[in-house]
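Sequential numbering from 40 applies to the sequence shown in this note's numbering.
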Amino acid sequence: MLIGCARVSTTGQKLEAQIEQLRNAGCERIYQEKRTG
């Protein structure tokens, strides 16, 4: 099983593009993190 992590560090960034790339790479489980500051 492939596991991926999508992370953004500013409010202007979006997770969607990273998540799509991880899914296309075959990731079955994707963790998401949004951090600012």
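Think of the CB as a built atom: it goes at the ideal place given N, C-alpha and C, for glycine as much as any other residue.
All values reported here derive from a predicted model rather than from experimental measurement.
- Helix, strand or coil for Q60 per DSSP? Locating residue 60 in the sequence shown gives position 21, where the first residue counts as 1. Helix.
- Task: Count the other C-beta atoms from every protein chain shown that fall within 10 angstroms of the C-beta of A56, then say buried if there are 16 or more, exposed otherwise.
- Result: Counted from its first residue, the sequence shown places residue 56 at position 17. Burial call: exposed.
- Item | Opposing strand residues paired with Q78 [DSSP bridges] | Nothing can be reported for residue 78, as the shown portion of the chain is limited to 40 through 76.
- Message: I'd like the span of the beta strand (DSSP E) that includes C44, first residue to last.
- Response: Translated into the one-based positions of the sequence shown, residue 44 becomes position 5. First-last of the beta strand (DSSP E) with C44: 42-47.
- Would DSSP call E72 helix, strand or coil? Translated into positions along the sequence shown, residue 72 becomes position 33. In the structure shown, E72 sits in a strand (DSSP, three-state: E or B).
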